[in-house]
């Protein structure tokens, strides 16, 4: 089995123009999601597919065609067939078995339909348990709305409609199920959070199915942000809309085949399960929240192949040449190793729909071997490093070497010599460098996970196994608003039995002379092992980030502020900084390709007018290829930092020094933003006016506080990109790390936004 490599590949996302948001900072200009197409013909295997009308067919005559069947096992020829056309020039066909039936007529014309096995009847008690709020409506045949919320996998496929068909048959009674699809190609889970009022609440579902993760994992969304969004959305569906919620895991990504281009190497075989860590954590969240979680990752993976690469090859039957051809498979392409390796086709969506049906009370398809499902793992500090012991592998009937990979990065784990299933984590140590690695940050967050790949009876399956440190210590990861200069961070320890031990407050003094920065938090606890009686030191690590509120002065006379690029009227204001080394960070951590901060250094000031927000920006260095985005969260202060709705405007310089500013997709098209720029004092000066309507408001928030962050994407002379983020520390498309702009007067002391990572 080839060496395993990674869960993470940051510069990839789901959807057209997917990588653009990573590089350019204008996420909202990605190509629009493809329009929904009519549902393909789908019948059960005990029914007939009708309406097959070949062009030019003469009624009441025979016609010849070739029949092929596409299944997970490949493309199978069923030979030449003949059919008698009826008086309308069409005919019906009874399915051969489950799969995509491909009828090819003389002249090359094709007709395709999907035949599916009738499902077993649902266990009504399991349905009631899975759908505690709406089962009665579904079981009673009342009108029932299923909402599908997700990325382009949901946008381009038909698992919701297939599920509706399966439910109708499995309940053995008439149902009135309607599908509401609210999918966002190329987006992460914050897309549903930010469109709650405009898209979700306007058509409340009985059952909300949420499926994100492919973009989130690839785009560098932190696991904390991913899970927090799922949690908040699930709570809002249950509490505000009285809907039931079902979680769907992100599916495999089979982009591991040769590219066919000189010098372009394929991804490692382990790339096929890059979403496994997110999928596993989503299942754990579902258990904590008493929410059903469909095993859609394993459903698409299926039984697996002889190796990881073989498993990816077998899944080609579940992926199309292009998402626009959902009834086709990569196996039919001129190059069967090329195609859409991320959006499952109709067979993949059938597998996903069956996984949902199993969660609601049906049988599970292609379940994991019980021995793999029951694997456990525990990590410990030992000799200043981390080791992980895996339990239960002796029950796995495998004759091939079992391989292990660390979540979330691409480092294989090695077995400690002379041990059985004890693994060593490379480069992890109980010192300040722990927070510099993705694996270290997971352990600091009191998580930790490994992927186990094992070949059982000639079939390779993968499973994510939580492996938290035991005993472990950690700081509470949360946000504080309006911190003056001191914050008390809770820190505590859990023993080997998971019991909560010592807990205390760790006082942190924020440097009053700084606008922003970060500091490492470190605390050691002494613990005694109940088994050995030995005493050990257990470290707790975290990183604390702080950003001083920006100050916005009210404009008494708006005639004074002219949007012309001349900043002479901005002399008596308070300026904030964007461009310090601490601001140069991206989804993998600190990243600064500038030759010096002066290559791109920004100062900005804000004023609150009667009809909108005024902003002035002074830029040093060469910025003609740069872009920027301003984000706004106008909610109440107690909600700032939590997942929710937000707005943004993005700017660039199509004809430098001229600036263009456009509002994002959650804002109305009118009114438009105003902007102007001019070269002065060896740099660029910008003025921007953002109407409050762009933020979904009619005035500055009554509390005086506006959630806000500023993201500038700088392209250097060597074309390397540096992302400058005022308050965010990674993926910027969510509200968790937005800073705050507060109304005040020049000279007013501003507090800090503080967050512990």
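In the working numbering, the protein residues as written are 3 to 759. Ideal placement from N, C-alpha and C gives every residue a C-beta, glycine not left out. These numbers come from a predicted model, not from an experiment.
Query, Result
"Kindly indicate the opening and closing residues of the alpha helix (DSSP H) around residue 232.", "225–242"
"Using CA coordinates, which residue listed in 172, 291, 312 and 585 is at the minimum distance from residue 246?", "291"
"Output the distance between the C-alpha atoms of residue 210 and residue 168, rounded to the nearest integer angstrom.", "17 Å"
"Just to confirm, is the Cβ distance from residue 52 to residue 71 under 7 Å?", "no"
"Could you tell me the alpha carbon to alpha carbon distance between residue 372 and residue 395, rounded to whole angstroms?", "11 Å"
"Hey, residue 184 and residue 151: beta-carbon distance below 7 Å or not?", "yes"
"Would you give the residue range spanned by the beta strand (DSSP E) that residue 145 belongs to?", "145–152"
"Looking at residue 441: is its Cβ nearer than 7 Å to the Cβ of residue 411?", "yes"
"Is it true that the CB of residue 159 sits closer than 7 Å to the CB of residue 351?", "yes"
"Please report the straight-line C-alpha distance between residue 9 and residue 228, rounded to a whole angstrom.", "Its pLDDT being 30, under 50, residue 9 is placed unreliably by the model, and the measurement read from it follows with that caveat. Each residue's Cα considered, the two are about 15 Å apart."
"On the criterion of 16 or more Cβ atoms from any shown chain inside 10 Å, does residue 120 qualify as buried, or is it exposed?", "exposed"
"With which residues is residue 713 paired in a DSSP beta bridge?", "631 and 727"
"Can you give the Cα-Cα distance for residue 698 and residue 676, rounded to whole angstroms?", "17 Å"
"Nearest by alpha-carbon distance to residue 252: which of 618, 154 and 226 is it?", "154"
"As a quick exercise: from 401, 303, 283 and 313, pick the residue whose alpha carbon is nearest that of residue 444.", "283"
"In terms of residues, what are the limits of the beta strand (DSSP E) holding residue 617?", "614–623"
"Run through the DSSP bridge pairs and tell me what residue 564 is partnered with.", "Paired residue(s): none; residue 564 is not in a bridge."
"Note the first and the last residue of the continuous beta strand (DSSP E) segment covering residue 547.", "537–550"
"What did DSSP end up calling residue 512 once you bin it into helix, strand or coil?", "coil"
"Do residue 542 and residue 476 have their beta-carbon atoms positioned less than 7 Å apart in this structure?", "yes"
"Pull up the distance between the alpha-carbon of residue 329 and that of residue 181, whole angstroms please.", "20 Å"
"Thinking C-alpha only, which one of 547, 619, 531 and 125 is nearest residue 540?", "531"
"Assuming residue 65 is part of the beta strand (DSSP E), what are its boundary residues?", "64–73"
"Give the DSSP-derived three-state secondary structure of residue 358 in the structure shown.", "helix"
"Could you give the C-beta distance for residue 634 and residue 648, rounded to a whole number, given that I count them as a contact under 8 Å?", "6 Å"
"Note down, in chain order, each residue of its chain lying with its Cβ closer than 8 Å to the Cβ of residue 48, except the 5 sequence neighbours on either side.", "120"
"Work out the CA separation of residue 665 and residue 28 for me, nearest whole Å.", "The predicted position of residue 28 is uncertain, since its pLDDT is 29 and thus under 50; no value can be drawn from it."
"I need the straight-line Cα distance from residue 425 to residue 173, nearest angstrom please.", "48 Å"
"List the whole-angstrom C-beta distance separating residue 575 from residue 748, where the pair is believed to meet the contact cut-off of C-beta under 8 Å.", "7 Å"
"What residue range is occupied by the uninterrupted alpha helix (DSSP H) comprising residue 258?", "Where residue 258 is concerned, there is no enclosing alpha helix (DSSP H), given that its DSSP letter is neither H nor E."
"Report the partner residues of residue 604 according to the DSSP bridge assignment.", "580 and 621"
"Assign residue 89 to buried or exposed, taking buried as 16 or more other Cβ atoms, counted over all protein chains shown, within 10 Å of its Cβ.", "exposed"
"Should residue 590 go down as buried or exposed, given a rule of 16 or more other Cβ atoms within 10 Å for buried?", "exposed"
"Would you check if the distance between the CB atom of residue 367 and the CB atom of residue 375 is smaller than 7 Å?", "no"
"Leaving out five residues on either side along the sequence, give the residues of the same chain with a beta carbon under 6 Å from the beta carbon of residue 35.", "Because residue 35 carries a pLDDT of 42, less than 50, the predicted location of this residue cannot be relied on, and no value is offered for it."
"Round the Cβ separation of residue 550 and residue 515 to the nearest angstrom and send it over; I've been treating them as touching at under 8 Å.", "About 10 Å separates the two Cβ atoms, so there is no contact after all."
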